[in-house]
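Asker: The structure's right below; bear with me while I get my questions together.
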Amino acid sequence: MCGKRVKREDIASVKEFLQKLQSDICRGFEDLDGSAKFRTDQWDREDGGSGITRIISDGAVFEKAGVNFSHVFGKSMPASATADRPELAGRAFQAMGVSLVVHPRNPYVPTSHANFRLFVAERAGADSVWWFGGGYDLTPYYGFEEDCRHWHQTARQACDRFGEGYYEKFRDWCDEYFYLKHRNEPRGIGGLFFDDFNKLPFEESFAFVQSMASSYMKAYCPIVEKRKDNDYGARERSFQEYRRGRYVEFNLVYDRGTVFGLQSGVGRIESILMSLPPAVQWVYDWQPEPGSAEEKLYTNFLIQREWA
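Count along the sequence shown from 1, then add 10; that gives the number in the working numbering.
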């Protein structure tokens, strides 16, 4: 990773985009739900950051959804951010981003996650080091091939105009990142994931992130619209809560954003843990019935496939 000076006005432009992104996504989810509104919690910490947490609960479509914006500062990089970058140890930093997790009520609507962020590490007498990161991924409970194809095709379209190979690279990175090693299974059907992205000039890198961020609602909302009124019963609901356990395990054990927020000391614990579902269960040694829709999630969807 090379040092690349970043201007103050560039950082301001990213912040403006991310705050508008948060507002646009919340407005879109409220329109989809039709009954619930986001609660807005604006917070400010004297010791290093501010943000806007927006939460919707007990809606007709969304049992819980959180869409966070944060802009945090610190005097020294936390260990989670320097494990693979020892040259950044001791630098001051600022990080800003939008992070969201959506837990729908209907088990036939997948959970989705997205985040887009900018990180800047600084030290007196040295160039700033900046990079973008983020992406989005989908976690279905009951799989539909047309939904998976739509999700990945939208992701590909967001990447392809910036050059060949980005979709494949970030898709594979997503599959590798959102993987529960202790379960030997993926969290879902993937999407896009990227980090340490500063290979392009700042303006082009930012444009790339804007393209991906703007494609999230195009990828997710049609799936929600198609599945939100599907009939379901206690069996489907129980399976949804069981599979949500995997989501909790990943976020608390592996997720870099969660670990960074907890280690940095400048985050806000309620906002950091807003990704956790409202109802979840763990069942000892549960196994799906052979030939069931639950088994097909494992055999047909939680596997390596070419969706786009």
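We put the beta carbon where it would ideally sit given N, CA and C, even for glycine.
(1) The alpha helix (DSSP H) that contains residue 222, what's its start and end?
(2) Below 7 Å CB to CB, which residues in the same chain sit around residue 179 once its five sequence neighbours on both sides are set aside?
(3) What do you reckon, are the CB atoms on residue 166 and residue 144 nearer than 8 Å?
(4) The beta strand (DSSP E) that contains residue 130, what's its start and end?
(5) Under 8 Å, do residue 259 and residue 190 count as touching if we go by C-beta distance?
(6) Output the residue ranges of the beta strand (DSSP E) runs that lie fully inside the stretch 143-217 and measure 3 residues or longer, sorted by chain position.
(7) Reducing DSSP to helix, strand and coil, say where residue 78 ends up.
(8) Does the beta carbon of residue 220 come closer than 8 Å to any beta carbon on chain C?
(9) Nearest to residue 86 by alpha carbon, out of 102, 194, 59 and 62?
(10) Going by other Cβ atoms of all chains shown within 10 Å of its Cβ, with 16 needed for buried, is residue 125 buried or exposed?
(11) Which residues in the same chain have their Cβ closer than 7 Å to the Cβ of residue 240, if we skip the five residues on either side of it in sequence?
(12) For residue 27, which residues from the same chain have a beta carbon less than 7 Å from its beta carbon, with the 5 sequence-adjacent residues on both sides left out?
(13) Quick check on the burial criterion: 16 or more other C-beta atoms within 10 angstroms. Buried or exposed for residue 157?
(14) Could you tell me how far apart the beta carbons of residue 168 and residue 225 are, in whole angstroms, since I believe they sit closer than 8 Å?
(15) In whole angstroms, give me the CA-to-CA distance for residue 261 and residue 301.
(16) Quick check on DSSP: helix, strand or coil for residue 55?
(17) Out of 303, 129 and 222, point me to the one whose CA is closest to residue 270's CA.
(18) Rounded to the nearest angstrom, how far is the Cβ of residue 201 from that of residue 146, given a contact under 8 Å?
(19) Where DSSP assigns a beta bridge to residue 309, which residues make up the other side?
(20) So for residue 269, helix, strand or coil by DSSP?
(21) Between residue 30 and the rest of its own chain, which residues show a CB-CB distance below 8 Å, the 5 nearest in sequence each way excluded?
(22) Measure from the alpha carbon of residue 322 to the alpha carbon of each residue in 205, 142 and 217, then state which is nearest.
(23) With a CB to CB cut of under 6 Å and the five nearest residues on each side skipped, what residues in its chain are close to residue 54?
Answerer: So, from the data block:
(1) Along the sequence shown, one-based indexing puts residue 222 at 212. Looking at the DSSP string, the run of the alpha helix (DSSP H) that includes residue 222 is 212-237.
(2) The count along the sequence shown starts at 1 and reaches residue 179 at position 169. Taken in chain order, the list of residues that qualify is empty.
(3) Reading the sequence shown from its first residue, position 156 is the one you call residue 166. Reading the sequence shown from its first residue, position 134 is the one you call residue 144. Against a cut-off of 8 Å, the Cβ pair of residue 144 and residue 166 comes out as no contact.
(4) Position 120 of the sequence shown, counting from 1, holds the residue named residue 130. Note, residue 130: beta strand (DSSP E), 121-132.
(5) What you label residue 259 is simply residue 249 of the sequence shown in a count that begins at 1. What you label residue 190 is simply residue 180 of the sequence shown in a count that begins at 1. Their beta carbons are under 8 Å apart, which means residue 259 touches residue 190 by this criterion.
(6) 200-207
(7) Mapped onto the sequence shown, residue 78 falls at position 68. If DSSP states are grouped into helix, strand and coil, residue 78 belongs with the strands.
(8) No chain C appears in this structure, which consists of one protein chain only.
(9) If you number the sequence shown from 1, residue 86 lands on position 76. Checked all of 102, 194, 59 and 62; the closest Cα to residue 86 is 102.
(10) On the sequence shown, residue 125 is found 115 positions in, with the first residue counted as 1. The residue in question, residue 125, is buried, as its Cβ has 16 or more Cβ neighbours within 10 Å.
(11) Translated into the one-based positions of the sequence shown, residue 240 becomes position 230. Answer for residue 240: 116 and 118, listed in chain order.
(12) Position 17 of the sequence shown holds residue 27. Cβ neighbours of residue 27 beyond the five flanking positions: 220.
(13) Here residue 157 refers to the residue found at position 147 when the sequence shown is read from its first residue. Buried is the call here.
(14) Residue 168 sits at position 158 when you count from the first residue of the sequence shown. Residue 225 sits at position 215 when you count from the first residue of the sequence shown. Rounded, the Cβ-Cβ distance is 4 Å, consistent with contact.
(15) To locate residue 261, count along the sequence shown from 1; it is residue 251. To locate residue 301, count along the sequence shown from 1; it is residue 291. Distance between the alpha carbons of residue 261 and residue 301 is about 30 Å.
(16) Along the sequence shown, read from residue 1 onward, the residue named residue 55 stands at position 45. Residue state, collapsed to three classes: strand.
(17) Walking along the sequence shown from the start, residue 270 turns up at place 260. Comparing Cα positions, the closest option is 129.
(18) Translated into positions along the sequence shown, residue 201 becomes position 191. Translated into positions along the sequence shown, residue 146 becomes position 136. Sure, about 5 Å apart at Cβ, within 8 Å.
(19) In the sequence shown, the residue the question calls residue 309 occupies position 299. DSSP lists no partner for residue 309.
(20) As a working mapping, residue 269 is identified with position 259 in the sequence shown. Of the three classes helix, strand and coil, the one that applies to residue 269 here is helix, per DSSP.
(21) The sequence position of residue 30 within the sequence shown is 20, counting from 1. Counting only Cβ-Cβ distances below 8 Å, and skipping sequence neighbours, we find nothing.
(22) Nothing about residue 322 can be read from this structure; the chain reaches only from 11 to 318.
(23) The count along the sequence shown starts at 1 and reaches residue 54 at position 44. 60, listed in sequence order.
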